[in-house]
Ligand code: IPM
Ligand code: MG
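Numbering (our numbering), first residue to last: 11 to 363.
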């Protein structure tokens, strides 16, 4: 029987995750779920943003559904002790090197985008972000004292194997979609990016049906605002992917809508909303649970290979929106019948039948 480790985390994490788990139970009653702590709540209760025991259980189940981590309470902590480190450790220890972040404009929500409709129509892209390397993990890192002068450093470094495996995955994703791959870089300045591009070029001949282009990260951030519909699969090193995926998410209208999957080669996966822990609205039944629910769809698709169930979850979310329901983040822009987190979850489950 498949098992999923549920890590609700902090802020709105527990609220949105509860709705997502209820959807999972309904659509896949044979899947067992079990809970553990991650993030600030784990720091408070267990002394670390993720405990060794939780990492062990995550490896064992191989599938993780996560809410969100972090909050003002833990902001004063230095980077190595912060809630985010729990997430970073899970990604690394489970070798989840590929982060998939689809950003598509849902027709019912076209008017929720902060951009003019002509910049938004037809947007349907997938950010493939390298997730276990680059500047997030590179050594040396940290703070130093040099002759009384304080300084700090991080290192952006990639091995060829790291680049090759994420590039292959991105090419495969493009092959299954519109066959266009945009590789994001800053090779006009950074050696590591020039090297990354070289490896991507080495992989390209294995995918002759996919059209490859290279695009500077600064130009890409501009093109995303002007004509995001031109993008299909967007391949990024870790840091650029972090930034561009938030931009892509915003274009679609709400960060509250977007799920993500972090996957590796061993069939393992961690599934989580792209949005953060939104401490300002935590506990007020206002959070949008759709990203968490759509993360369940990604879990069904990539973690359990149950494509039909995954589509049913997506359709139920579509129906909820078409029926005119909105959580407050969406309603403020596009109007509609405003419902809270729990009501939204319940309506999606009803639509699921
Ligand atoms: C994300 C988040 C994380 C990241 C943080 C919470 C560590 O911003 O998943 O995009 O930077 O990867
Ligand atoms: Mg981010």
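Yeah, the Cβ is synthetic: ideal placement off N, Cα and C, and Gly gets one too.
Range of the contiguous alpha helix (DSSP H) that encloses residue i
i, result
"residue 68", "62–71"
"residue 279", "Premise fails: residue 279 lies in the beta strand (DSSP E), 279–283, not in any alpha helix (DSSP H)."
"residue 152", "Unbroken run through residue 152 is the beta strand (DSSP E), 152–156; no alpha helix (DSSP H)."
"residue 101", "94–103"
"residue 206", "201–213"
"residue 149", "No alpha helix (DSSP H) contains residue 149, which DSSP labels as neither H nor E."
"residue 354", "351–362"
"residue 184", "170–185"
"residue 313", "Note, residue 313: premise wrong, no alpha helix (DSSP H); not H, not E."
"residue 31", "23–37"
"residue 52", "50–56"
"residue 86", "Unbroken run through residue 86: none, as it is neither H nor E."
"residue 117", "No alpha helix (DSSP H) contains residue 117, which DSSP labels as neither H nor E."
"residue 127", "127–130"
Residues bridged to residue i [DSSP beta-bridge criterion]
i, result
"residue 137", "111, 244"
"residue 42", "13"
"residue 270", "282"
"residue 226", "195"
"residue 161", "154"
"residue 74", "15, 280"
"residue 335", "347"
"residue 221", "190"
Residue i, enclosing beta strand (DSSP E) - first and last residue
i, result
"residue 193", "190–195"
"residue 302", "Taken as a continuous stretch (DSSP letters only), residue 302 belongs to no beta strand (DSSP E), being part of the alpha helix (DSSP H) at 300–308."
Buried or exposed by the 16-neighbour rule on C-beta atoms within 10 Å, applied to residue i
i, result
"residue 198", "exposed"
"residue 25", "buried"
"residue 282", "buried"
"residue 172", "buried"
"residue 117", "exposed"
"residue 11", "exposed"
"residue 324", "buried"
"residue 18", "buried"
"residue 247", "buried"
"residue 204", "exposed"
"residue 152", "exposed"
"residue 143", "buried"
"residue 177", "buried"
"residue 101", "buried"
"residue 29", "buried"
"residue 131", "exposed"
"residue 23", "buried"
Presumed contact (8 Å Cβ cut-off) between residue i and residue j, rounded CB distance
i, j, result
"residue 362", "residue 322", "6 Å"
"residue 316", "residue 38", "7 Å"
"residue 79", "residue 94", "6 Å"
"residue 298", "residue 357", "Incorrect: roughly 13 Å between the Cβ atoms, too far for contact."
"residue 60", "residue 52", "6 Å"
"residue 50", "residue 292", "Contact doesn't hold; Cβ gap of about 11 Å is too wide."
"residue 183", "residue 136", "6 Å"
"residue 307", "residue 269", "7 Å"
"residue 350", "residue 335", "About 11 Å separates the two Cβ atoms, so there is no contact after all."
"residue 262", "residue 133", "6 Å"
"residue 191", "residue 167", "Their Cβ separation, rounded to whole angstroms, is 23 Å, which puts residue 191 and residue 167 out of contact at 8 Å."
"residue 104", "residue 58", "Rounded, the Cβ-Cβ distance is 17 Å, inconsistent with contact."
"residue 410", "residue 14", "Past the boundaries of the shown model lies residue 410; the chain is included only from 11 to 363, so the question cannot be answered."
"residue 209", "residue 170", "5 Å"
"residue 267", "residue 301", "6 Å"
"residue 294", "residue 257", "So it is not a contact: roughly 27 Å between Cβ atoms."
Any non-hydrogen atom of ligand 3 closer than 7 Å to residue i Cβ
i, result
"residue 252", "Of the ligands this structure carries, namely ligand 1 and ligand 2, none is ligand 3."
- Item | Meets three-Cβ-pair contact criterion under 8 Å: the stretch 287–302 and the stretch 105–117 | Remark: fewer than three beta-carbon pairs, one from each stretch, lie closer than 8 Å, so the stretch 287–302 and the stretch 105–117 are not flagged as touching.
- Message: Contact between the stretch 195–209 and the stretch 224–231 is defined here as three or more beta-carbon pairs at a separation below 8 Å; is this criterion met?
- Response: Touching, yes, given that three or more Cβ pairs across the two stretches are closer than 8 Å.
- Cβ contact check for the stretch 43–53 and the stretch 315–334: 3 or more pairs under 8 Å: As far as the Cβ criterion goes, the stretch 43–53 does not touch the stretch 315–334, which means the pair count is below three.
- Give a yes or no on contact between the stretch 124–139 and the stretch 159–168, applying the rule of three or more CB pairs nearer than 8 Å. The stretch 124–139 is not in contact with the stretch 159–168.
- Task: Check whether the stretch 89–105 touches the stretch 236–244, taking contact to mean three or more Cβ pairs, one atom from each stretch, closer than 8 Å.
- Result: No, the stretch 89–105 does not touch the stretch 236–244.
- Message: Pairs of beta-carbons, one from the stretch 216–224 and one from the stretch 247–260, closer than 8 Å: are there three or more?
- Response: Output reads no: the stretch 247–260 does not touch the stretch 216–224.
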